[in-house]
Amino acid sequence: MIFSEEFETMPREALEAIQLRRLQATVARVYNTVPFYRRRFEEAGVTPEDIRSLADLRKLPFTTKADLRDNYPFGMFAVPMDNVTRIHASSGTTGKPTVVGYTARDIQTWAELMARTLMAAGARKDDIVHNAYGYGLFTGGLGVHYGAEKLGASVIPISGGNTKRQVMIMKDFGPTILTCTPSYALHVAEVAHEMGVSFRDLKFKAGIFGAEPWSEQMRQEIERKLNLKAMDIYGLSEVMGPGVSIECIEAQNGLHVFEDHFIPEIINPKTGAPLPYGTPGELVFTTITKEAFPVIRYRTRDLSVLHAEPCRCGRTMVRMGRIQGRSDDMLIIRGVNVFPSQIESVIIETGHFEPHYQLIVDRIGNMDQLTVRVEVNEAMFSDEIKNLQTIERDLERTIRETLGVTTRVKLVEPKGIQRSEGKAVRVIDNRKI
Amino acid sequence: MNAEQISIFLENTPGRLVEVTRIFEEGRINIRALSLADTSDFGILRLIVDDNEKARQLLQEHGFTVRITEIVAVEVADTPGGLHRILETLAQAGINVEYMYAFVRQSGRNAVMIFRFGDTTKALDVLSSGGVQVIDGKDLYAM
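Chains as they are written, first to last, in this note's numbering: chain A, 1 to 433; chain B, 1001 to 1143.
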């Protein structure tokens, strides 16, 4: 079933006409209300009047995460604070997260898109949504929540954590739709198994999993262990949050981008040149209906591909492939975004360690584990095991408190971390995604 | 009076221990006693050697993290109850033992017990007033 037949199955010509009209309005508005965009457009020698067709989009400059950070916290808002009804922030970044705002209408749009998303994944009015995405500054929890309410479904706002209690509620309340990160889904399956609860006896029919990269193999594992259909969802707070694109339950083959609200592009991450459909590259989004926090050609750093072939579900919106990786070195650990440079800052700020470190990412069971290797030095070496372990635990705590990510710190011998010529190998990712 | 040991930080990877013994062999350093404490990630090798300063210098030249720490070496009668009497003396005085290890001398009837205390000075007082034979550092290294 399709939540909004009118828009989701709109013929391409009509859709493109709407896109152009909305793009022109957005470009004119950011030019007039956000000094950052006006300056950037002027530097690029482009004015809103230059946008006469959708192809003219590429005349506009890119926006990056660094731009958002430079304008922390509210510098990119296109409406006065009077009109902002909600503020979210990106997960797991340092003292300066990426802050995004929503007007009342933005919240309605988001709910509408999440209702479309839930329905595309098989949810209906009579479903019960077990929403285990985190509630808070992270957009996952509230995004799903408002969408489920808009759809008319019942939502259990359980948020993350306390897995045994989650399993009990799954058993007792009989939810039919599960929303969480894919790694958490598998963790729940393990805990349920330990508790002697079989997913065969639960009522789940579908799950919507995202906020971290996952694979087709993982989908098969989730579907087998949780006895449901698993759909991939994509979104990022800078663009809106969850609900930018979703797989349909009919095809489970690529994520439909809600193009009446976002214009996706694929570019060459090195040159910035736009790439045609079918060619992999970096995803770029322009929002065309957002009021409080519009973004123009926002570089997601996520690598994907766009497909224009019609889908058997009837939606006319293009599909993006699974996220294949990052064009920068950002790590996504259990849904938390971490840059190696942020961990580096924490290590250096302690004043105890050499600035040599290495990050090892493993998937143990189904959970991502980040190991931070740092070198011991004579000033901290005290001859007693417990003192060295205290040093390890202290750094783990500092990283957790600063970045929101749980790590395992391992002391290694001086020079134990390979010094490479040129760019150091800072990250070893052993995950098989 | 004071005796010292040399402590070395070792990663739990193959070949690290043999690197230490190789350095000692080349530097003609003799090991009197040793103890290895370990976790899943790293270990601390503690050694009584015949020349602490030379050992430290050689190890540091090879990039090891090294620390010289104060220990107390005592003679323990090699008979049932020998160690118990010493530990009882310490326990009664409320002295905490961080760790300990032992070796047996080639000649003589006594074993040697190496103690690491949180408060070495207080431990030494308690041991001498309890009549325990504490071994002087230079005698220990020459054993």
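No residue lacks a Cβ here, since even glycine has one placed at the ideal position from N, Cα and C.
As the structure is a prediction and not an experimental result, all values here were calculated from the model.
Which term fits residue i, buried or exposed, when burial requires 16 or more other beta carbons within 10 angstroms of its beta carbon?
i                : result
Y31 of chain A   : buried
I246 of chain A  : buried
D1038 of chain B : exposed
A308 of chain A  : exposed
S304 of chain A  : buried
T26 of chain A   : buried
Y357 of chain A  : buried
A14 of chain A   : exposed
D1119 of chain B : exposed
D383 of chain A  : buried
L1124 of chain B : buried
To which residues of the same chain is residue i closer than 6 Å at the C-beta, ignoring the five residues directly before and after it?
i                : result
N227 of chain A  : F199 and R200
R408 of chain A  : T371
L178 of chain A  : H130, F204 and G207
A189 of chain A  : K225 and L226
A111 of chain A  : Y146, G147 and K150
R1109 of chain B : D1078
G1131 of chain B : none
S159 of chain A  : G134, Y135 and G141
Under a three-way DSSP split, which group does residue i fall into?
i                : result
Y72 of chain A   : coil
P242 of chain A  : strand
Q358 of chain A  : strand
P48 of chain A   : helix
K1122 of chain B : helix
S1129 of chain B : helix
Y1099 of chain B : strand
M320 of chain A  : strand
S183 of chain A  : helix
N1052 of chain B : helix
D429 of chain A  : strand
V1018 of chain B : helix
L113 of chain A  : helix
Y37 of chain A   : helix
K229 of chain A  : strand
N83 of chain A   : helix
A123 of chain A  : coil
L57 of chain A   : helix
E378 of chain A  : coil
H88 of chain A   : strand
Suppose the cutoff is 8 Å on Cβ atoms and the five residues either side in sequence are ignored; what does the same chain contact list for residue i look like?
i              : result
A17 of chain A : none
M1 of chain A  : M119 and R124
The ligand SAM heavy atoms versus the CB of residue i: any closer than 8 Å?
i               : result
E401 of chain A : Among the components modelled here there is no ligand, and therefore nothing to report on the ligand SAM.
Since residue i and residue j should fall inside the 8 Å C-beta cutoff, what is the C-beta to C-beta distance between them, to a whole number of angstroms?
i                : j                : result
R297 of chain A  : T286 of chain A  : 5 Å
T261 of chain A  : C248 of chain A  : According to the sequence displayed, residue 261 of chain A carries His and not Thr. No, H261 of chain A and C248 of chain A are not in contact; Cβ-Cβ is about 17 Å, not under 8 Å.
P182 of chain A  : I332 of chain A  : Their Cβ separation, rounded to whole angstroms, is 11 Å, which puts P182 of chain A and I332 of chain A out of contact at 8 Å.
V84 of chain A   : T103 of chain A  : 6 Å
E354 of chain A  : N377 of chain A  : 6 Å
V1066 of chain B : I1008 of chain B : 6 Å
Between which two residues does the alpha helix (DSSP H) containing residue i stretch?
i                : result
G143 of chain A  : T139 to L151
I343 of chain A  : P340 to E349
I385 of chain A  : I385 to L403
N32 of chain A   : R12 to T33
Q1092 of chain B : G1082 to Q1092
K1138 of chain B : G1137 to Y1141
Q220 of chain A  : E216 to L226
E282 of chain A  : Per DSSP, E282 of chain A belongs to no alpha helix (DSSP H); it is in the beta strand (DSSP E), G281 to T287.
Tell me which same chain residues have a C-beta within less than 7 Å of the C-beta of residue i, skipping the five on either side of it?
i               : result
G435 of chain A : What the structure shows of chain A is the stretch from 1 to 433, and residue 435 of chain A is not part of that stretch, so it cannot be assessed.
G69 of chain A  : A small fix is needed here, since residue 69 of chain A is Arg in this sequence, not Gly. Here the set comprises K96 and T98.
T176 of chain A : D127, I128, K203, F204 and K205
A230 of chain A : G207, F209, R219, I222 and E223
F173 of chain A : I128 and I156
Tell me which residue opens and which closes the beta strand (DSSP E) that residue i is part of.
i                : result
G161 of chain A  : Taken as a continuous stretch (DSSP letters only), G161 of chain A belongs to no beta strand (DSSP E), as it is neither H nor E.
Q1005 of chain B : A1003 to E1011
T179 of chain A  : I177 to C180
L1034 of chain B : I1031 to D1038
Y102 of chain A  : V99 to T103
F7 of chain A    : From DSSP, F7 of chain A is part of no beta strand (DSSP E) but of the alpha helix (DSSP H) over E5 to E8.
G416 of chain A  : Counting along the chain, G416 of chain A falls outside any beta strand (DSSP E), and DSSP gives it neither H nor E.
T371 of chain A  : M367 to E375
R334 of chain A  : Looking at the DSSP string, R334 of chain A is not in any beta strand (DSSP E), and its letter there is neither H nor E.
D302 of chain A  : Y298 to S304
E309 of chain A  : Looking at the DSSP string, E309 of chain A is not in any beta strand (DSSP E), and its letter there is neither H nor E.
R1067 of chain B : V1066 to A1077
L255 of chain A  : L255 to V257
A206 of chain A  : A206 to F209
V155 of chain A  : S154 to I156
Item to complete: Give the residues from the region 366-385 of chain A that approach chain D closer than 8 Å (Cβ to any Cβ), ordered along the chain.
Response: No chain D appears in the structure shown, which is made up of the protein chains A and B.
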